[in-house]
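Here the protein sequences come in this chain order: U and R. Under my numbering, think of the first position of the first sequence as 1, with each following residue one higher. Under my numbering, think of the first position of the second sequence as 388, with each following residue one higher. Glycine included, every Cβ here is placed at the ideal spot set by N, Cα and C. The structure displayed is predicted, hence computed values, not measured ones. Take a look at the structure set out below.
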Amino acid sequence: MSSHHEPEDKILLGDQEIIKSDLLTLNMGPQHPATHGVLRVEIKTDSEIVVDAIPHIGYLHRCFEKHVEHLDYRGVIPYVDRMDYLGAMSMEWGYALTIEKMLGTEVPKRAEYIRILVAELQRIASHLVYFGTYGIDMGAFTTFLYCFQDREEILRLFEELSGARMLYNYVWIGGVWNDINDDQLNRVKNFCDRFEGELKKYHQLVGENKIFIERTAHVGVLTKEQCFDYGATGPVLRGSGVNWDLRKNRPYGMYEKFDFDVIVGKGEKGTVGDCWDRYYVRIYEMFESIKIIRQVLEGIEEGPVMGKVSKIIKVPAGEIYMRTECPRGELGYHLISDGGKTPYRLKVKSSCFTHVSMLPILAPGQMVADLVATIGSIDIVLGEIDR
Amino acid sequence: MHNELSSKLASLVSGSNPVVNTPATVGDSSITVEAATILEVCKALKSEGFNVCQCITATDYADRIELTYILADFTKNLEILVKANLGRGDGNGNNKETLPKINSVVSVWNAANFLERECYDMMGINFVGHPDLRRILTPDDWQGYPLRRDYIVQEKYLDMVVNPAHKINSADHMFGKNLKVEIGDPKKVSASWKSNDADEIEDAKDGE
Numbered sequence: 001m002s003s004h005h006e007p008e009d010k011i012l013l014g015d016q017e018i019i020k021s022d023l024l025t026l027n028m029g030p031q032h033p034a035t036h037g038v039l040r041v042e043i044k045t046d047s048e049i050v051v052d053a054i055p056h057i058g059y060l061h062r063c064f065e066k067h068v069e070h071l072d073y074r075g076v077i078p079y080v081d082r083m084d085y086l087g088a089m090s091m092e093w094g095y096a097l098t099i100e101k102m103l104g105t106e107v108p109k110r111a112e113y114i115r116i117l118v119a120e121l122q123r124i125a126s127h128l129v130y131f132g133t134y135g136i137d138m139g140a141f142t143t144f145l146y147c148f149q150d151r152e153e154i155l156r157l158f159e160e161l162s163g164a165r166m167l168y169n170y171v172w173i174g175g176v177w178n179d180i181n182d183d184q185l186n187r188v189k190n191f192c193d194r195f196e197g198e199l200k201k202y203h204q205l206v207g208e209n210k211i212f213i214e215r216t217a218h219v220g221v222l223t224k225e226q227c228f229d230y231g232a233t234g235p236v237l238r239g240s241g242v243n244w245d246l247r248k249n250r251p252y253g254m255y256e257k258f259d260f261d262v263i264v265g266k267g268e269k270g271t272v273g274d275c276w277d278r279y280y281v282r283i284y285e286m287f288e289s290i291k292i293i294r295q296v297l298e299g300i301e302e303g304p305v306m307g308k309v310s311k312i313i314k315v316p317a318g319e320i321y322m323r324t325e326c327p328r329g330e331l332g333y334h335l336i337s338d339g340g341k342t343p344y345r346l347k348v349k350s351s352c353f354t355h356v357s358m359l360p361i362l363a364p365g366q367m368v369a370d371l372v373a374t375i376g377s378i379d380i381v382l383g384e385i386d387r
Numbered sequence: 388m389h390n391e392l393s394s395k396l397a398s399l400v401s402g403s404n405p406v407v408n409t410p411a412t413v414g415d416s417s418i419t420v421e422a423a424t425i426l427e428v429c430k431a432l433k434s435e436g437f438n439v440c441q442c443i444t445a446t447d448y449a450d451r452i453e454l455t456y457i458l459a460d461f462t463k464n465l466e467i468l469v470k471a472n473l474g475r476g477d478g479n480g481n482n483k484e485t486l487p488k489i490n491s492v493v494s495v496w497n498a499a500n501f502l503e504r505e506c507y508d509m510m511g512i513n514f515v516g517h518p519d520l521r522r523i524l525t526p527d528d529w530q531g532y533p534l535r536r537d538y539i540v541q542e543k544y545l546d547m548v549v550n551p552a553h554k555i556n557s558a559d560h561m562f563g564k565n566l567k568v569e570i571g572d573p574k575k576v577s578a579s580w581k582s583n584d585a586d587e588i589e590d591a592k593d594g595e
């Protein structure tokens, strides 16, 4: 579907003014492989150069926030899974923390360790999906196959733990559903040992590849100020050179006991805050996750995995805003309770939602192919955007 | 922190009338300000260092709609909830003029652009001065505002019947029913296979 428009006054590519011509409106999506889901980007192009990009979302809208008003507090967790379906463990953990903070529940130590273990494994699995699909966006198909092979190993473990590959319902209010056994912990250890070497290899193959650098360096640059103005978080914010990670700055769970580094984009191959920096942040975050997992395996102790929670959960009246660091950025739950069995209002602050709103400032002046690189680099999941 | 901020706001923005809400037992504190001064309040808070607008959300109460602005300071690592109360207006149909009005804060943080659009779409609030106030999650021709408590799921949408009887998959319901019949006493099978009736009895025992 396309139509012609009146040309704008000036069209700029970088600092250069270029010849005016008719603008062409193109719809990228909603069934376009490069939009990573049902996102439609309405782009106005002048030949190959994007003049304007307007994201249209809502194709996956299920009005989760309305459903929740009729569900008891435990029943919300499976719905939370379906927001970011590539990072479901982190979504559940954020929700469980919100309710536990209101209830004042003590979570057993073993459960805390298991939560960190699954959340960090989930971070690796989620970043692997980003890495693999980003390779496809850039024309490197092989990465995808390698990444999904490794991701499958994590998913297989999660399937044994929870019974499902992607939507787990594993992290419960007060602890976790099921205990992890020594055999599984051993497998995690073996996975870490093997995967660390593999990841170095992948990074050398892709990240240091000349074609990949040409495609991503200096492309889709986000400055620090733009990030704060639009409320970007997570790897996007860190890619722009801001040292901010909730696991360090506002530790939740037991993260303060763990030793790991916050990866910040340095503009190694191009400008600070370009697509390559966001790629770099995610890759090195996986190494940090491995570091955390190793510390979990060392420190994990025997004990119960479920704390004391009353059979019918009634959250005292009041409100809370709780945010956690998910693979894609900060996830915030704003809960208002009137003291009843169901939440009065549960609002989810999604990081992808804010990131997709940055497309209108990222796109102008780019080539169409670079827009694909940019959308891939902010790593969106439409389930979380539309909720 | 909240008391200092509210006294600062009172001196910076005349008529903002800030009130600190402290939770009775657990939870976060917040500051309620006059809805008419929200733009000035947000500008003042930004100059106080709250450089990120994390979230804008609305809650529907029987007599009012409460807007919550969740702001964060990334240098001092603070976060604050600012509230403003609005009337409910008329939330039926698709008319912006009958909705409660409040000034848009897009000029302060660009993050507010999408967040305010979501609030308009879901709760029916007219943000005056918003550059592009369109529906965002639902289609442009949607009637009503789904997250209002009195929202009724329409039986017809654009002359199409919603959930017509012949399209409801009764096989799913029958499958569930048959399971219960075939198993008989679910408690004998495994601990996790309890019938709803058994749950209710145990709930009653807990003194609910």
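Would you say residue i and residue j are within 8 Å of each other, going by their C-beta atoms?
{"i": "Arg323/U", "j": "Gly332/U", "result": "yes"}
{"i": "Ser491/R", "j": "Glu505/R", "result": "no"}
{"i": "Leu39/U", "j": "Ile57/U", "result": "yes"}
{"i": "Asp528/R", "j": "Arg521/R", "result": "no"}
{"i": "Met358/U", "j": "Tyr279/U", "result": "no"}
{"i": "Leu26/U", "j": "Ile43/U", "result": "yes"}
{"i": "Val129/U", "j": "Met89/U", "result": "no"}
{"i": "Gly197/U", "j": "Lys224/U", "result": "no"}
{"i": "Gly436/R", "j": "Lys395/R", "result": "no"}
{"i": "Gly303/U", "j": "Arg110/U", "result": "yes"}
{"i": "Leu64/U", "j": "Arg387/U", "result": "Checking the sequence, you will find Phe at residue 64/U rather than Leu. Contact flag set, yes."}
{"i": "Ala422/R", "j": "Ile467/R", "result": "no"}
{"i": "Leu524/R", "j": "His61/U", "result": "yes"}
{"i": "Arg115/U", "j": "Gly253/U", "result": "yes"}
{"i": "Leu297/U", "j": "Leu185/U", "result": "yes"}
{"i": "Trp496/R", "j": "Cys440/R", "result": "yes"}
{"i": "Ile293/U", "j": "Val188/U", "result": "yes"}
{"i": "Leu472/U", "j": "Ile180/U", "result": "What is shown of chain U runs 1 to 387, which leaves residue 472/U out entirely."}
{"i": "Ala498/R", "j": "Thr354/U", "result": "yes"}
Can you tell which of the options has its C-alpha closest to the C-alpha of residue i?
{"i": "Gln204/U", "options": "Arg247/U, Ala373/U, Thr143/U", "result": "Thr143/U"}
{"i": "Thr35/U", "options": "Ile375/U, Glu384/U, Gly383/U, Leu155/U", "result": "Ile375/U"}
{"i": "Glu471/R", "options": "Ala498/R, Gly478/R, Glu427/R", "result": "It is worth fixing the name first, because residue 471/R is Ala in this sequence and not Glu. Considering only alpha carbons, the answer is Glu427/R."}
{"i": "Gly474/R", "options": "Leu465/R, Leu486/R, Glu466/R", "result": "Leu486/R"}
{"i": "Tyr394/U", "options": "Leu155/U, Asn169/U, Pro33/U", "result": "With chain U represented from 1 up to 387, any question about residue 394/U goes unanswered, as that position is not in the structure."}
{"i": "Val389/U", "options": "Glu302/U, Gly175/U, Asn186/U", "result": "Any property of residue 389/U remains undetermined from this structure, which presents chain U solely from 1 to 387."}
{"i": "Asn482/R", "options": "Gln530/R, Ser557/R, Val540/R", "result": "Gln530/R"}
{"i": "Gly265/U", "options": "Pro78/U, Gly29/U, Tyr284/U, Ile380/U", "result": "Tyr284/U"}
{"i": "Gly94/U", "options": "Ile320/U, Ile312/U, Val221/U, Glu159/U", "result": "Ile320/U"}
{"i": "Asn513/R", "options": "Ala397/R, Ser393/R, Ala445/R, Arg536/R", "result": "Ala445/R"}
{"i": "Met388/R", "options": "Leu399/R, Ile425/R, Val407/R, Ser398/R", "result": "Val407/R"}
{"i": "Tyr532/R", "options": "Phe461/R, Tyr448/R, Gly478/R", "result": "Gly478/R"}
{"i": "Glu120/U", "options": "Phe258/U, Pro30/U, Gly339/U", "result": "Phe258/U"}
{"i": "Arg151/U", "options": "Glu301/U, Trp276/U, Phe191/U", "result": "Phe191/U"}
Strictly below 9 Å CB to CB, what residues from chain U border residue i?
{"i": "Gly436/R", "result": "By Cβ distance, chain U contributes nothing, its closest Cβ being about 11 Å from Gly436/R, past 9 Å."}
Just confirm the distance between the C-beta atoms of residue i and residue j, as a whole number of angstroms; I'd bet it's less than 8 Å.
{"i": "Ser289/U", "j": "Met102/U", "result": "No, Ser289/U and Met102/U are not in contact; Cβ-Cβ is about 29 Å, not under 8 Å."}
{"i": "Thr405/R", "j": "Ile418/R", "result": "In the sequence on display, residue 405/R carries Pro and not Thr. The pair is a contact, with the Cβ atoms about 5 Å apart (cut-off 8 Å)."}
{"i": "Gly87/U", "j": "Arg328/U", "result": "7 Å"}
{"i": "Lys248/U", "j": "Val262/U", "result": "6 Å"}
{"i": "Ile99/U", "j": "Val348/U", "result": "Incorrect: roughly 14 Å between the Cβ atoms, too far for contact."}
{"i": "Tyr85/U", "j": "Met28/U", "result": "In fact, because the Cβ distance is near 22 Å, the residues do not count as touching under 8 Å."}
{"i": "Gly516/R", "j": "Gly476/R", "result": "So it is not a contact: roughly 18 Å between Cβ atoms."}
{"i": "Gly273/U", "j": "Leu222/U", "result": "4 Å"}
Can you tell me which residues form a DSSP beta bridge with residue i?
{"i": "Asp419/R", "result": "Correcting the residue type first, residue 419/R is Thr in the shown sequence and not Asp. According to DSSP, Thr419/R bridges with Val406/R, Lys470/R."}
{"i": "Tyr456/R", "result": "Ile443/R, Val469/R"}
{"i": "Thr324/U", "result": "Leu331/U"}
{"i": "Val515/R", "result": "Asn490/R"}
{"i": "Leu237/U", "result": "Leu237/U is not bridged to any residue."}
Starting from residue i, find everything on chain U with Cβ-Cβ shorter than 7 Å and list it in chain order.
{"i": "Gln441/R", "result": "Gly231, Gly332, Lys349"}
{"i": "Phe514/R", "result": "Within chain U, no residue comes near Phe514/R; the closest Cβ sits about 15 Å away, beyond 7 Å."}
{"i": "Asp415/R", "result": "Glu319, Ile320, Tyr321"}
Applying a beta-carbon distance threshold of less than 8 Å, which residues of chain R neighbour residue i?
{"i": "Asp179/U", "result": "The contacting residues do not exist; Asp179/U stays about 16 Å from chain R at best."}
{"i": "His70/U", "result": "None at all; the shortest Cβ gap to chain R is about 12 Å."}
List, in chain order, every chain R residue whose beta-carbon is nearer than 7 Å to that of residue i.
{"i": "Met83/U", "result": "None at all; the shortest Cβ gap to chain R is about 13 Å."}
{"i": "Glu159/U", "result": "Result: empty, since nearest Cβ-Cβ is about 17 Å, beyond 7 Å."}
{"i": "Ile336/U", "result": "Thr446"}
{"i": "Asp386/U", "result": "Leu524"}
In chain B, which residues lie with their C-beta within 7 Å of the C-beta of residue i?
{"i": "Leu534/R", "result": "Reference to chain B is not applicable here, since the protein chains of this structure are U and R."}
Starting from residue i, find everything on chain R with Cβ-Cβ shorter than 9 Å and list it in chain order.
{"i": "Ala96/U", "result": "Within 9 Å Cβ-Cβ: nothing; Ala96/U doesn't reach chain R, min ~16 Å."}
In chain U, what lies closer than 8 Å to residue i by C-beta?
{"i": "Pro410/R", "result": "Gly318, Glu319"}
{"i": "Ile457/R", "result": "Tyr321, Gly332, His334, Lys349"}
Is there at least one non-hydrogen atom of the ligand MG closer than 7 Å to the beta-carbon of residue i?
{"i": "Met28/U", "result": "As for the ligand MG, it is missing from this structure, which has no ligand bound."}
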